[in-house]
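Residue numbers (this note's numbering): 3 to 1206. Structure first, commentary second.
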């Protein structure tokens, strides 16, 4: 047997020394903080170096060359077949290739600490091909007994191809070991399972290129299992030269000992890429035993790791995947598809590092990642010391004992994190953490729930760069912010769909330090903060936009806080409820800018304001609120320190416990507009307060109930400008005024009130005005001032008070004391009181106590829209609505017209026997020739008329119903019909604006005569009757009632004539009537200022003309149906009615109350059916009138008759 053991011992010593030097050198040049990361590398180096030589065999191996036993040597090729169970020892340099195949079933099992197959050469070219399939494979026992080992000391390539299983059982016993010291490539291709059972330094596959240039490649298709310390599954190292390192593993790998990584791929000291592809599962149990380690140290080169299987580690410092570019330029790429799980401290799921060089880091993970130990991130990507971008894409769930996903760039570079799974750093870290310390952008795009003990999502660009966070899922944090986004010099954008919660801090905290930086936050979901719900801070000038759809709860601070330390704009849109310890919404500018706040939902501010908007410079504030606001201080507070405008539109119900419901302040010049439709309650101050220190216009529109401890509405305008209040809501002041306005500069004051005011002091107070700003007040509601005055005009001003229907003043009116009410000469205080038409009111100009009983508080001019008089020596103005008086003419006109239409309107049918004569039996009957004799008839009628306002009269309605019965005969006078009638009517007159009403009951009777003259017919009627009138005037919220009688007489004459020019039957009719109504005198009851009304007469002319188009339809049984359509004009004219003479408070006065002349067009129809014998008839007629200039009426009647 030929032995070259001396060479083997030399190689052993050299390799051991080199390994020791490398390990020591590695530790010496690395800081202590990094030695934890270096531990897997050192483990692999020590494990390989300690057994790099070939052990002295204790059994007889087959040694080649020369040819020996089962081995045949031919030149540089040796081939071994058959029984090689004792192992094979091949030596160079003449031998370069060793092929072993067709091995007996026993395989290769030398035992006794002997290598299975050993190939040693000093030149470097060594190729080993072994096939042991179908056998027991290669099995070694004892220390230092590798399954396969190739040791080459010179330049050249080393290649190992193994097909079959390998097992070693001893320390320093590799499954496959290949070592090349010199230039050349190392290639190991293993198909089969490998098991090492030694206590230490027993690597599954080890391939090393040391001291020269060359690539290292390991391909493994079988399972690999190691159980000892420092026993990696696969160890590939290019050490000291240039070349790539490539590992491709398709089988499962498991290691049980400490410092035993599943796959280690190293490029140490030279240029070259590192590539690892693992398609099997990897599990490690010991400390410092990672799943996959890929590293390029001290030079340039890329690292790429691909893993499709699951990786599980149990020990400390055992990353599932560690990819590191250390000291050179190069990119780092990690792609995983399987699940990653670690249990130990400092054991990350994926740790990708670029240290001290330029290069990008890319991580793509589609499986779940779980870590259980301290300082164990799920994914950690770090570019430290150089420039480069980081991209992390994860689509599995991550549960981490520290940060779920962490990315750090210490210099320049962008970070992009794309997450499509749930991420938890709830044990001790953040859900997602991304930070760039140099120039670069941060983008986080997440779909899934995020949980962190510290931060949920943390994104920071600490130099120049933007931060963008897009999240669809719930986000929570315990100790810090659920979302933190900070751009030192750039814009920040946060878009969240999902709930956001922080137990101890702000739910969302967003900051930018960039001049002109933009913050944009959009949340669709509920927000809960242990401190602030959303905190947005532009530390220089910049714009802030916040949009929330969802509820916010802030346990110890503001619901939303937006602050700009310089100039810019703030826009906040809140659609949801807010419950906050401090402000509900707070926005603040330290410089110039505009603020827009739109809040829709319920806001509860336990200690400060519901909505707070402050500009400490120039700018506009616009606030819109709906829902409810419950605040300890102000409900809504808007403040501009210098010049600007404030606009507030509120429909929220506001409760302010210690200050104003709405408070708007401008310390410079500017306009204020407030539109309120929400109920406001202020328990300590004003409901609505506006204060403009400079000049500007103020407008307040209110339609809701305001309740205040102080003023319901308070305006102070200290400069020039106009102040306007339009109120339609109920105002109540518990300790001051309903409305208080003070304009000290040149301008005007306008108040339009349609809502009830109840005030402890004055209903409306115009305070003393330094520059005589004129005040105009228009009121149509009840105003109560419990200190004696309903309205007070303080100081000088040419003031005007207009009282419209509905106005009730409980308290006197004080027009100021600039004049004496008797025509004084002060031009700055010339006051006017206007009573609109329809007003029944009493206004006193002295207070109720009598302390102010002169004319100093009276106006210089009093205008009555209806009627009125000054009583009590000019201290009382009494206004009287004339409409109810004028409506008597409309009543009597409608009644008599309805009766005349029943008995007089000619609607004849021309019969053939009368040669076209227009003839009719009176009443609405007799359209066919009938026998002589008496008959009786009856008619029920009803009507509804609406009269529009005109002149001094309001609009009103007249509704009536009644009936008429009559008897008629044609036997008394030749060619004539004579009849008598009696009837009853009930009328209701209702005045617009709730000014009053009149109930009228009428009884009447009459006679009528119809006579034919050739082809013409003339009807004459005379009516007479009595009326009983119950009249009500609504005066100052009470009722003044009157009861009086009346009598009337009304003659009427009508004529009818046929029209032959038309091709169809037609005739024309016209009527003229006169009505005289006498009304008795009466005195009202139920009011402090009753009217005594003298008797008076009402005289009217009524005229009517119409075209009739009759039709007669005869049935076979002899009965007939008559149908007539009519169109025409109806007019009413006053015929010299008396004026109304009245007395109030011992003061007589008179006024005109005549009926307004009116003309109307009408359309009507009549339908009547008569029996065959002509003795019974029944019919219906209806008419619609439209009055020219406005108004309308409808009248209908039902008639029946029977002849005896």
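C-beta: ideal position from N, C-alpha, C; glycine also.
Taking residue i as part of the alpha helix (DSSP H), name the residues at either end of that continuous run.
i	result
residue 890	885-905
Can you name, in chain order, every residue of its own chain whose Cβ lies under 6 Å from the Cβ of residue i, other than the five neighbours on each side?
i	result
residue 644	619, 620, 670
residue 1067	1112
residue 917	Only weak support is given to the placement of residue 917: the predicted model assigns it a pLDDT of 37, under 50, and the question is left unresolved by the model.
residue 788	762
residue 606	581, 632
residue 555	530, 581
residue 185	157, 214, 215, 216
Confirm, please, whether the CB-CB distance from residue j to residue i is below 9 Å.
i	j	result
residue 108	residue 66	no
residue 530	residue 504	yes
residue 709	residue 679	no
residue 872	residue 1149	yes
residue 217	residue 248	yes
residue 243	residue 272	yes
residue 1101	residue 1079	yes
residue 779	residue 801	yes
residue 970	residue 976	no
residue 739	residue 765	yes
Identify the continuous beta strand (DSSP E) that holds residue i and give its terminal residues.
i	result
residue 795	784-795
residue 175	No beta strand (DSSP E) holds residue 175; DSSP gives it neither H nor E.
residue 960	958-971
residue 412	Element bounds for residue 412: n/a, residue is neither H nor E.
residue 667	664-668
residue 1091	Looking at the DSSP string, residue 1091 is not in any beta strand (DSSP E), and its letter there is neither H nor E.
residue 573	570-577
residue 758	Run containing residue 758: none; DSSP gives neither H nor E here.
residue 1174	Where residue 1174 is concerned, there is no enclosing beta strand (DSSP E), given that its DSSP letter is neither H nor E.
residue 549	544-551
Run the CB neighbour count on residue i, radius 10 Å, all protein chains shown included, and call it buried at 16 or more, exposed below.
i	result
residue 1119	exposed
residue 1015	exposed
residue 237	buried
residue 1129	exposed
residue 68	exposed
residue 903	buried
residue 1099	exposed
residue 569	buried
residue 145	buried
residue 893	buried
residue 1065	exposed
residue 1168	buried
residue 973	exposed
Can you give me the C-alpha to C-alpha distance between residue i and residue j, rounded to a whole angstrom?
i	j	result
residue 956	residue 1036	14 Å
residue 721	residue 701	15 Å
residue 437	residue 418	10 Å
residue 241	residue 330	15 Å
residue 1114	residue 1180	15 Å
residue 652	residue 641	16 Å
residue 992	residue 1000	7 Å
residue 303	residue 211	16 Å
residue 596	residue 516	19 Å
residue 294	residue 283	11 Å
residue 674	residue 688	16 Å
residue 661	residue 344	58 Å
residue 592	residue 290	55 Å
residue 1223	residue 601	Past the boundaries of the shown model lies residue 1223; the chain is included only from 3 to 1206, so the question cannot be answered.
residue 616	residue 576	18 Å
Sorted by chain position, which residues of the same chain lie with C-beta nearer than 7 Å to residue i's C-beta, five sequence neighbours on each side aside?
i	result
residue 86	64, 72, 102, 105, 110
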